[in-house]
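Heads up, the thing below is written out as structure tokens.
Residue numbers (the working numbering), protein chains in the order written: chain S, 8 to 341; chain B, 282 to 726.
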């Protein structure tokens, strides 16, 4: 029971991360495309300025949750995906510097350098996260002790690359939806144009990935067949995708929610298919899949951490409500 | 030691020591800014608000550098220390998770309001956000020290199937080792922030500009510095050392250069340990003082390294020097701050070029003292990663080779060199623009 609750908590935190940090990564991906002048790009950064750091905390908190609830998963996956994670760290560092340092000096060279850094690191992170999720779904060659060495040759398989592509496209779309909501005038027009442009691309990559996952992981349907109620999760995605054409350009807040719905549904469906596994083994691996039982911390530790989580989330909800209220409205109005 | 172990240790030491250069300032500075904001809020004068805004700009770049260099720390437990995470994750994961849930969310939410929201929120909420950012930084420090304290002195756990299980959260958070380690870390940070604030004030006074604000910086920095430097010695430093003496005798022996168990052990003020021959070269000692400091009696027996099996001894020279550098610098800070405090009280501080020069030149040294203190704590714990339970040699990732870690270590070195240069450039620009500047070079959300 406690294992399933923690699976749910970890999934929710990662979905929270993807939806929240997802839009600021998407803004980064479109930074140079929508922001034609330095003034434009300043507004784009202002649209995420006060919230991006808090969004990123979801990733760190999810990492903390993994250490405390599934320490063996944390140990195995972080050491296995070693070089990819180091790239993630470096990109997170460069991206954070770009967001915090760009506005410190009013010099065109300084600002251009950080604009390019911000954009490339955002695209790189979206791509790496997508590749990582793709590999988690596909599985890795686990040995009998639950370890593996994730070389780039192993990780850059077609399925994972499709995952990376999906992440870049959907997050860019998500970022455009956020910008449509937070900007006005020409910037909003350009953001809406990118929403329209990325919409068909989103549909194509989502459909391709879902189709490919039936081939790569046919057994993922088992959970949905056993508990048909779970079909609500993918249904949310289909509904959100279908609603997008009506909402884009007309209702920016609902369009943003629909975009968030697509991302949440994608990750949620993956989690629903994966359960109770956390990191499947590739066919032919000597070791079994890592799941919520064989990687778990002792139950006592998990119960204590769950108490911490529930208590802490009350505060987090209060802060986030407050902060998003303070920064509500369009950037130009700041 | 094999390459992958050395590489993992060097990488962790390098990244954590570089990272700590930033939080060591922000923890203390957050408190001082909250004090300045409170004085402004209490109607003590407009210049307190201007000073708070100036230091908030320094805080902003320092906080940013601290956040980005902090990310690798949490990752490294998994990437390079997988066996440690497997063994200790159920316990240390609790405090790391709590740092994320209780401290990071608060800090990251309120920092934006504090830095950019002054025009958007009521003054009381802006004051509250300053307090929350300061409190968040201090709280973050607590969870990290609680994690480290468990590695120094494991409590509230049992070993089940070869790994640690938490039995009492209260014991973990109320670790007697952290009682003095945590206050010592906080006052160490306050000494740093006080010295930087006083030092920047002195720099401006010696450059003959912005008299009013600079005097305020020197005044606040010196008053906070007198208090915090004394607190670093007593009670926090003194009792932390007693904790080490009773709970980690091997670390104490290395710190103090005690090779042979002896009653009425002398305190070595200066001296160079030679661990090959087991002697302290050219020492200056105070007879019986170490016995008194460690156990409250000049005749108490102090354990020497000779009684500790060679496999359980920490690397002696590094621990000895790190500890002596920390204590020596701490003593010098007390002397400087008492002198400056006396001058402030007698009213001749702002005109005394000698004292102002001392304050300015002393700025880098609290950083060194804080790093040396952590070196004493962490290297002195060796060869254990969790004291008495797990050896450092048994804690690394077995599927990450030394070559991979050396490659990423070089990457970190290059990236951190860049961060260091950029930080200094921005720091100097903010200082030279002074508190009179209109805030950011460019308006920001």
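Just so it is clear, CB atoms sit at the ideal spot from N, CA and C, and this is done for glycine as well.
> For the candidate residues 89/S, 85/S and 65/S, whose alpha-carbon lies nearest to that of residue 23/S?
Replying inline: Translated into positions along the first chain, residue 23/S becomes position 16. Looking at the Cα atoms, 65/S is the closest of the given residues.
> Can you name, in chain order, every residue of its own chain whose Cβ lies under 6 Å from the Cβ of residue 697/B, other than the five neighbours on each side?
Replying inline: Along the second chain, read from residue 1 onward, the residue named residue 697/B stands at position 416. Only 299 meet the Cβ criterion.
> Buried or exposed: residue 318/B, going by 16 or more other Cβ atoms within 10 Å of its Cβ?
Replying inline: For the purposes of this step, residue 318/B is taken as residue 37 along the second chain, with counting starting at 1. Buried is the call here.
>> Just list the residues that DSSP pairs residue 665/B with in beta bridges.
In response: As a working mapping, residue 665/B is identified with position 384 in the second chain. For residue 665/B, which the question treats as bridged, DSSP gives the partners 672/B.
>> If you reduce the DSSP assignment to three classes, tell me which class residue 543/B lands in.
In response: Taking the first residue of the second chain as 1, we reach residue 543/B at position 262. Of the three classes helix, strand and coil, the one that applies to residue 543/B here is strand, per DSSP.
> Around the Cβ of residue 724/B, are there at least 16 other Cβ atoms within 10 angstroms (buried) or fewer (exposed)?
Replying inline: Within the second chain, residue 724/B is the residue found at index 443, counting from 1. Note that residue 724/B scores a pLDDT of 40, beneath 50, so its modelled location is shaky; the value from the coordinates is reported in the next line. So residue 724/B counts as exposed.
>> For residue 8/S, count the other beta carbons within 10 Å of its own beta carbon; 16 or more makes it buried, fewer makes it exposed. Which is it?
In response: As a working mapping, residue 8/S is identified with position 1 in the first chain. Exposed is the call here.
>> Spatial neighbours of residue 141/S within its chain, please: C-beta separation below 7 Å, excluding the five flanking residues on both sides.
In response: Position 134 of the first chain, counted from the first residue, corresponds to residue 141/S. 166, 167, 169, 170 and 171, listed in sequence order.
>> Tell me the DSSP secondary structure of residue 285/S in three-state form.
In response: Translated into positions along the first chain, residue 285/S becomes position 278. Of the three classes helix, strand and coil, the one that applies to residue 285/S here is strand, per DSSP.
>> Assuming residue 439/B is part of the beta strand (DSSP E), what are its boundary residues?
In response: The count along the second chain starts at 1 and reaches residue 439/B at position 158. Here the beta strand (DSSP E) through residue 439/B covers 438 to 441.
> Can you tell me whether residue 341/S is buried or exposed, with buried defined as 16 or more other CB within 10 angstroms of its CB?
Replying inline: Position 334 of the first chain holds residue 341/S. Only weak support is given to the placement of residue 341/S: the predicted model assigns it a pLDDT of 41, under 50, and the value that follows is read from those uncertain coordinates. It counts as buried.
> Which of the three DSSP states, helix, strand or coil, is assigned to residue 553/B?
Replying inline: Sequence index remark: in the second chain, residue 553/B carries index 272 (1-based). Of the three classes helix, strand and coil, the one that applies to residue 553/B here is strand, per DSSP.
> Under the DSSP definition of a beta bridge, which residues are partnered with residue 447/B?
Replying inline: As a working note, residue 447/B is residue 166 in the second chain. Answer is 438/B.
> Taking only beta-carbon atoms, is residue 462/B less than 8 Å away from chain S?
Replying inline: Here residue 462/B refers to the residue found at position 181 when the second chain is read from its first residue. For residue 462/B, the answer is no, since every Cβ of chain S falls outside 8 Å of its Cβ.
> With residue 432/B and residue 667/B assumed to form a contact (beta carbons below 8 Å), what rounded beta-carbon distance in angstroms separates them?
Replying inline: For this step, residue 432/B is matched to residue 151 along the second chain. For this step, residue 667/B is matched to residue 386 along the second chain. Their Cβ separation, rounded to whole angstroms, is 5 Å, which keeps residue 432/B and residue 667/B in contact under 8 Å.
>> Strictly below 8 Å CB to CB, what residues from chain S border residue 325/B?
In response: On the second chain, position 44 is the one that residue 325/B refers to. Within 8 Å Cβ-Cβ: nothing; residue 325/B doesn't reach chain S, min ~27 Å.
>> Considering just the uninterrupted stretch of the alpha helix (DSSP H) at residue 700/B, what are its terminal residues?
In response: Locating residue 700/B in the second chain gives position 419, counting from the first residue. 683 to 714 is the extent of the alpha helix (DSSP H) around residue 700/B.
>> According to DSSP, simplified to helix, strand and coil, what is residue 341/S?
In response: Position 334 of the first chain holds residue 341/S. Only weak support is given to the placement of residue 341/S: the predicted model assigns it a pLDDT of 41, under 50, and the question is left unresolved by the model.
> How would you label residue 54/S, buried or exposed, when you count the other beta carbons within 10 angstroms and need 16 or more for buried?
Replying inline: Numbered from its first residue, the first chain carries residue 54/S at position 47. By the neighbour-count rule (16 or more Cβ atoms within 10 Å), residue 54/S is buried.
> Would DSSP call residue 464/B helix, strand or coil?
Replying inline: Within the second chain, residue 464/B is the residue found at index 183, counting from 1. The answer is helix: DSSP assigns residue 464/B an H, G or I state.
> Expressed to the nearest angstrom, what Euclidean distance is found between the alpha-carbon atoms of residue 57/S and residue 48/S?
Replying inline: Within the first chain, numbered from 1, the residue matching residue 57/S stands at position 50. Within the first chain, numbered from 1, the residue matching residue 48/S stands at position 41. The straight-line gap from Cα to Cα measures roughly 15 Å.
> residue 582/B bridges to which residues according to DSSP?
Replying inline: Here residue 582/B is taken as the residue at index 301 of the second chain, counted from 1. Answer is 544/B.
> Does the separation of the CB atoms of residue 550/B and residue 560/B fall below 8 Å?
Replying inline: In the second chain, the residue the question calls residue 550/B occupies position 269. In the second chain, the residue the question calls residue 560/B occupies position 279. Taking 8 Å as the Cβ cut-off, residue 550/B and residue 560/B do not qualify as a contacting pair.
>> So residue 447/B and residue 427/B are supposed to be a Cβ contact under 8 Å. How far apart are they, rounded?
In response: Residue mapping note: residue 447/B aligns to position 166 of the second chain, counting from 1. Residue mapping note: residue 427/B aligns to position 146 of the second chain, counting from 1. Not confirmed; about 12 Å, so no contact.
> Secondary structure at residue 564/B, three-state DSSP: helix, strand or coil?
Replying inline: The residue labelled residue 564/B in the question sits at position 283 within the second chain. Reduced to three states, the DSSP call for residue 564/B is strand.
>> Going by the DSSP bridge assignment, what does residue 298/S pair with across the sheet?
In response: Locating residue 298/S in the first chain gives position 291, counting from the first residue. BP columns for residue 298/S point to 284/S.
> What does residue 312/S reach in chain B if we use C-beta pairs closer than 8 Å?
Replying inline: As a position in the first chain, residue 312/S is number 305, starting the count at 1. What residue 312/S touches in chain B: 374, 375 and 378.
> Since residue 147/S sits in a beta bridge, which residues does DSSP pair it with?
Replying inline: Counting from one through the first chain, the residue named residue 147/S turns up at place 140. Answer is 288/S.
> For residue 322/S and chain B, any beta-carbon pair shorter than 8 Å?
Replying inline: Taking the first residue of the first chain as 1, we reach residue 322/S at position 315. It does; some Cβ of chain B falls within 8 Å.
>> Quick check on this structure: which residue in 597/B, 544/B, 599/B and 519/B has the alpha carbon closest to the alpha carbon of residue 580/B?
In response: Numbered from 1 along the second chain, position 299 holds the residue referred to as residue 580/B. The shortest Cα separation from residue 580/B among 597/B, 544/B, 599/B and 519/B belongs to 544/B.
> Does the beta carbon of residue 300/B sit closer than 8 Å to a beta carbon anywhere in chain S?
Replying inline: Stepping through the second chain from its first residue, residue 300/B is reached at position 19. By this cut-off, residue 300/B is not an interface position.
> What's the gap between the Cα of residue 444/B and the Cα of residue 438/B?
Replying inline: Here the question's residue 444/B lines up with position 163 in the second chain. Here the question's residue 438/B lines up with position 157 in the second chain. Looking at the two C-alpha atoms, the distance is approximately 10 Å.
> Mind checking whether residue 547/B and residue 574/B have CB atoms under 8 Å apart?
Replying inline: Within the second chain, the letter at position 266 stands for residue 547/B. Within the second chain, the letter at position 293 stands for residue 574/B. Not closer than 8 Å, so no.
>> Please list, in chain order, the chain S residues whose beta carbon lies closer than 9 Å to that of residue 707/B.
In response: Looking up residue 707/B in the second chain gives position 426. What residue 707/B touches in chain S: 108, 111 and 112.
>> Quick check on this structure: which residue in 287/S, 316/S and 312/S has the alpha carbon closest to the alpha carbon of residue 154/S?
In response: Here the question's residue 154/S lines up with position 147 in the first chain. Nearest C-alpha to residue 154/S: 287/S.
> Using the beta-carbon of each residue, which ones in chain B are nearer than 7 Å to residue 89/S?
Replying inline: Here residue 89/S is taken as the residue at index 82 of the first chain, counted from 1. 360, 681 and 685, listed in chain order.
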